[in-house]
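Enquirer:
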Amino acid sequence: MQIERQASLKPYNTFGLDVTAERLYHLESEMDVVEYLDDPQGYAKHTLLLGGGSNMLLAGNLKGSVARVAWTGRRVVEEGDGYVVVEAAAGENWHEFVQWTVDQGWGGLQNLSLIPGLIGTAPVQNIGAYGVETKDSLHSLRWMRWEDGDIEEFSNADCGFSYRESVFKSVLRDQGIILSVQFKLTTRDHVLITHYGSVAEELAAAGSEPSLRSIADAVMAIRRSKLPNPAELGNSGSFFKNPAVAAEVAESLAAEHPSLPQYPQANGSVKLAAGWLIEQAGWK
32 MQIERQASLK PYNTFGLDVT AERLYHLESE MDVVEYLDDP QGYAKHTLLL
82 GGGSNMLLAG NLKGSVARVA WTGRRVVEEG DGYVVVEAAA GENWHEFVQW
132 TVDQGWGGLQ NLSLIPGLIG TAPVQNIGAY GVETKDSLHS LRWMRWEDGD
182 IEEFSNADCG FSYRESVFKS VLRDQGIILS VQFKLTTRDH VLITHYGSVA
232 EELAAAGSEP SLRSIADAVM AIRRSKLPNP AELGNSGSFF KNPAVAAEVA
282 ESLAAEHPSL PQYPQANGSV KLAAGWLIEQ AGWK
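Residue numbers (my numbering): 32 to 315.
(1) When DSSP labels each residue in this structure, what does Gly-159 get in the three-state scheme?
(2) Which residue's Cα is closest to the Cα of Ala-247: Tyr-67, Gly-207, Gly-139 and Gln-37?
(3) Can you tell me the Cα-Cα spacing of Glu-35 and Ile-146, whole angstroms?
(4) Over the uninterrupted beta strand (DSSP E) stretch that includes Met-251, give me the two end residues.
(5) Can you pull the DSSP bridge partners for Gly-207?
(6) Smallest Cα separation from Lys-166: which of Leu-80, Ser-186 and Trp-177?
(7) Leaving out five residues before and five after Trp-245 in sequence, what residues of the same chain have Cβ atoms less than 8 Å from its Cβ?
(8) Within this structure, are the beta carbons of Leu-88 and Thr-78 separated by less than 8 Å?
(9) Please return the same chain residues whose Cβ sits closer than 6 Å to the Cβ of Gly-104, not counting the five positions on each side in sequence.
(10) Closest to Asp-49 by C-alpha separation, out of Lys-76, Gly-84 and His-226, would be which residue?
(11) Could you give the distance in angstroms between the alpha-carbon of Trp-177 and the alpha-carbon of Ile-209?
(12) For a minimum of 4 consecutive residues, which ranges assigned as the alpha helix (DSSP H) are wholly contained in the stretch 105 to 166?
(13) Given 8 Å as the limit, is there contact between the stretch 111 to 126 and the stretch 198 to 215, that is, 3 or more CB pairs closer than that?
(14) Quick check on DSSP: helix, strand or coil for Gln-213?
(15) Comparing C-alpha positions only, which one of Leu-258, Tyr-56, Ala-297 and Gly-82 sits nearest to Gln-37?
(16) Using beta-carbon positions only, say whether Trp-131 and Ala-153 come within less than 8 Å of one another.
(17) What do you get for Trp-137, buried or exposed, if any count of 16 or more other CB atoms within 10 angstroms of its CB means buried?
(18) Exposed or buried, Arg-255, counting other C-beta atoms within 10 Å across all chains shown (16 or more means buried)?
(19) Kindly identify the DSSP beta-bridge partner or partners of Glu-225.
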């Protein structure tokens, strides 16, 4: 395990802010997590668990210890009739993992292309985009409790997923660390979701029929048109939530603003496109 003192966090946050950590622990294996717990200068003085460094704004130098998730690895754990279960370590880059699954011909994550961050943080807020959420393909995950180092396995149901929420963001917030995540993906008869946002329009403009790769490429093109590359202009990615309103409110808004994208939900509410609202308010 590599430990740096007065370490710059500039390479590890998407805003590229040059703040320092009093001690930076690079956790490069699950055993490093155990050592971090045992180190009297480690978790005992824990300040921040650092993943991909998006969805955060580091406002100043950090005292104490920062733990950076840096272990990687991916493997097939099960193959069945029309599906495969793959496991990825918490430090795997999310986008690279998604592209790997698409290249393998495995369906389920293609709409989640180009989202910044790591595998281990994806379940925390149930990341989602273009009609797909992490929960739709997540099979299970392994989680270590900070207090005693015990490792627990969570099924999909155990994670308490809802829109941009999970137990790791609520009742278990800051109480542990996700070690690895398993996804159950399709190997045939893929569900291809193109009706959300401008995916269908992007496919048509490219002259492409819906497929795992064409949808992934379309999503990447859309995201690049909306968000600058953090390597060129620091940003935190797309972190806002689409607000949900009652059906009658949505109907009233549609009468005044016919171009407002709306997405009816199973519970009777209607999601409004936050991106559209931000643009209309002149805040883009």
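Here a beta-carbon is modelled for each residue, glycine too, at the ideal position from N, C-alpha and C.
Values in this document were obtained by computation on a predicted structure and should not be read as measured data.
Expert: Let me lay it out:
(1) strand
(2) Gly-139
(3) 28 Å
(4) Per DSSP, Met-251 belongs to no beta strand (DSSP E); it is in the alpha helix (DSSP H), 243 to 257.
(5) Arg-176
(6) Ser-186
(7) In the sequence as displayed, the identity of residue 245 is Ser instead of Trp. Closer than 8 Å at Cβ, skipping near neighbours: Leu-234, Ala-237 and Ser-239.
(8) no
(9) Ala-120
(10) Gly-84
(11) 11 Å
(12) 125 to 134
(13) yes
(14) strand
(15) Tyr-56
(16) no
(17) buried
(18) exposed
(19) Note that residue 225 is Thr in the sequence shown here, rather than Glu. Looking at the DSSP assignment, Thr-225 forms no beta bridge with any residue, so it has no partner.
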